[in-house]
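Novice: Sequential numbering from 1 applies to the sequence shown in the UniProt record's numbering.
I have a structure here, written as structure tokens, and I will follow up with some questions on it.
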Amino acid sequence: MILVLGAMREELACFSEHFEFVDGDEWNGVPVNRMRYKNLELVVAKSGVGKVLAAMVCQHLIEEYRPEAVVFTGIAGSVNPSLCVGDLVVSLDCVQHDLDATAMGIERGRVPYTVYRFIEADKGLVDKMRGFSPDWGRVHFGRVLTGDQFIAGEQRARMPYLTEELKGDVVEMEGASVALVCRVNAVPFVLLRVVSDNADGNAPDDFSAFLNRSSSHLAEALEFLFDRWG
Ligand code: ADE
Numbered sequence: 001m002i003l004v005l006g007a008m009r010e011e012l013a014c015f016s017e018h019f020e021f022v023d024g025d026e027w028n029g030v031p032v033n034r035m036r037y038k039n040l041e042l043v044v045a046k047s048g049v050g051k052v053l054a055a056m057v058c059q060h061l062i063e064e065y066r067p068e069a070v071v072f073t074g075i076a077g078s079v080n081p082s083l084c085v086g087d088l089v090v091s092l093d094c095v096q097h098d099l100d101a102t103a104m105g106i107e108r109g110r111v112p113y114t115v116y117r118f119i120e121a122d123k124g125l126v127d128k129m130r131g132f133s134p135d136w137g138r139v140h141f142g143r144v145l146t147g148d149q150f151i152a153g154e155q156r157a158r159m160p161y162l163t164e165e166l167k168g169d170v171v172e173m174e175g176a177s178v179a180l181v182c183r184v185n186a187v188p189f190v191l192l193r194v195v196s197d198n199a200d201g202n203a204p205d206d207f208s209a210f211l212n213r214s215s216s217h218l219a220e221a222l223e224f225l226f227d228r229w230g
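See the structure below:
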């Protein structure tokens, strides 16, 4: 069984057109759908936005379903100027950019007194995504930065460390918390993110149409991954 998570309903909306619905459940208001793609069993759940909800839902579903892998899907803002809206980012690793104990002499992003800072995605899952070349955008393998902030406009200018120190490609609000849960539980994971904005306050004109397209593109990326499973 593969656990597929997304933060918002819109990010998962098109999955029902690509994967066969088996049955639906709910846990503390979190919709959890069992689905099937070819011979693969999937559990698809909406975690909610932000690090705490995502980590909590991921831990619960790992305990409940014992998945062989976790894939977190959704949109992200780019901080790497070479990325364009619509591109797909496959995580090589990720870090909590807002975990800041620098005043204690600990590097930005490190969970204090642990080995956890940049958390690498599973190499096998990342490698399965190589060769994916959709006609709707480029595919970039890179670093995902996670924090409990939607980064837009002037805020971005106050965060030069996102690129200078952390060398990130995109920012989002869940990935590194899910990654930490997966690492601690020894479950392989990868993050798949479609670029929705440049973390500058400008979103695509028709954002709901964009979200719908992104969801369909993420489902295509998942199909590519699942076709290489096993
Ligand atoms: N998800 C999509 N765009 C984002 C941004 N600019 N900041 C944080 N999360 C995002």
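A virtual CB, placed ideally from N, CA and C, is assigned to each residue, including glycine.
1) Give me whichever residues DSSP pairs with L180 in a beta bridge.
2) Any heavy atom of ligand 1 closer than 7 Å to the CB of E11?
3) At which residues does the beta strand (DSSP E) containing C94 begin and terminate?
4) What beta strand (DSSP E) runs, 3 residues minimum, are completely inside the region 59-132?
5) Kindly indicate which residue of L180, L162, H60 and V195 has the alpha-carbon position closest to the one of F210.
6) Ordered along the chain, which non-local residues of its own chain (more than five positions away) have a Cβ less than 7 Å from that of R156?
7) Kindly indicate which three-state DSSP category D197 falls into: helix, strand or coil?
8) I need the DSSP call for A138, collapsed to helix, strand or coil.
9) DSSP on N33, reduced to helix/strand/coil?
10) Just to confirm my understanding: we take H217, look at its own chain, exclude 5 residues before and 5 after, and list those with CB closer than 6 Å. What are they?
11) If you count every other CB in all the chains shown that lies within 10 Å of the CB of F21, and 16 or more means buried, which is it?
Specialist: For this structure:
1) Along the sequence shown, read from residue 1 onward, the residue named residue 180 stands at position 180. The partner list for L180 (beta bridge, DSSP) is empty, contrary to what the question assumes.
2) Start at 1 with the first residue of the sequence shown, and residue 11 comes out as number 11. For ligand 1, not one heavy atom lies less than 7 Å from the Cβ of E11.
3) Along the sequence shown, read from residue 1 onward, the residue named residue 94 stands at position 94. L88 to Q96 is the extent of the beta strand (DSSP E) around C94.
4) 69-78 and 88-96
5) The residue labelled residue 210 in the question sits at position 210 within the sequence shown. Taking only the C-alpha atoms, the option nearest F210 is V195.
6) Along the sequence shown, read from residue 1 onward, the residue named residue 156 stands at position 156. Answer for R156: A199 and D200, listed in chain order.
7) Here residue 197 corresponds to residue number 197 of the sequence shown, with the count starting at 1. Strand, per DSSP.
8) Residue mapping note: residue 138 aligns to position 138 of the sequence shown, counting from 1. The residue asked about is misnamed: residue 138 is Arg in this sequence, not Ala. Here R138 sits in coil by DSSP.
9) Start at 1 with the first residue of the sequence shown, and residue 33 comes out as number 33. Strand at N33.
10) One-based indexing of the sequence shown puts residue 217 at position 217. Excluding positions up to five away in sequence, the list reads W136 and V194.
11) For the purposes of this step, residue 21 is identified with residue 21 of the sequence shown, where counting begins at 1. With fewer than 16 Cβ atoms within 10 Å of its Cβ, F21 is classed as exposed.
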